Ligand SMILES: [Fe+2]
Ligand SMILES: [Fe+2]
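Residue numbers (our numbering): 2 to 226.
Take a look at the structure:
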């Protein structure tokens, strides 16, 4: 006899298979995206999820989009730490190292807030204020990435033809494997982040099956977003 857990797991596996097919098709279509395109696309998605939460008073709606926001931000942050920030250091020397270190500090601050937010319920009077506090920090960080960091990286990558597009693909695949909840104690420096990511990601992904998300009754994990 199937238990609730195994039925959910089966549904998750079927859903995952269809998502992988969709992703492989969409990654072919988006084959020429640069790493800046991929990062900026994530930023706009995060903004959309944030607005769904703060502009609603329906707790069910807020919970679904709050979980979606957490899921996307956790994976986006670790994806950058594994793929983008090491590239700053590799291609931009001392200036890149300083940029990466500044961004890691900002990530840590946001992850601490995300860890608080992800454990709150929408009926908590601090739920929206906590998200707004987080967003104030995150928005400034994303603006700096889009205005300063990523243009500098693209400039440096001009000498390495195809590298930006290749990084965009790696970033997408990496996001499938990393944790989908905030774990600030894991740190922001690879390879420690990698090891911790591999340890925590399966736990997050299984727990996601039992969380509410906007479109599905099961988690969007693992996916290629
Ligand atoms: Fe970032
Ligand atoms: Fe970012």
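Just so you know, even glycine gets a beta-carbon here, dropped at the ideal spot from N, CA and C. This structure is a prediction, so every number in the text was calculated from the model and none was measured.
Less than 7 Å between the CB of residue 146 and some heavy atom of ligand 1, yes or no? Residue 146: yes, Cβ under 7 Å from ligand 1.
Taking 7 Å as the cut-off, does the CB of residue 189 come closer than this to any heavy atom belonging to ligand 1? no
Taking Cβ to Cβ, would you say residue 209 is nearer than 8 Å to residue 72? yes
How big is the Cα-Cα spacing for residue 46 and residue 173? 14 Å
Are the beta-carbon atoms belonging to residue 191 and residue 83 less than 8 Å from one another? yes
For the alpha helix (DSSP H) containing residue 40, name the first residue and the last one. 36 to 55
Can you tell me whether DSSP reads residue 189 as helix, strand or coil? coil
Beta carbon of residue 189, beta carbon of residue 105: below 8 Å? In this structure, residue 189 places its C-beta atom within 8 Å of the C-beta atom of residue 105.
Ordered along the chain, which non-local residues of its own chain (more than five positions away) have a Cβ less than 8 Å from that of residue 134? 114
Compute every distance between the C-beta of residue 168 and the non-hydrogen atoms of ligand 2, then say whether any falls below 7 Å. no
Grab the span of the alpha helix (DSSP H) containing residue 106 for me, first residue to last. Note, residue 106: alpha helix (DSSP H), 86 to 119.
Ligand 1 heavy atom lying under 7 Å from the CB of residue 81: Within the cutoff, so yes.
Among 86, 183 and 153, which one has its Cα closest to the Cα of residue 117? 183
Below 7 Å CB to CB, which residues in the same chain sit around residue 119 once its five sequence neighbours on both sides are set aside? Only 71, 182 and 183 meet the Cβ criterion.
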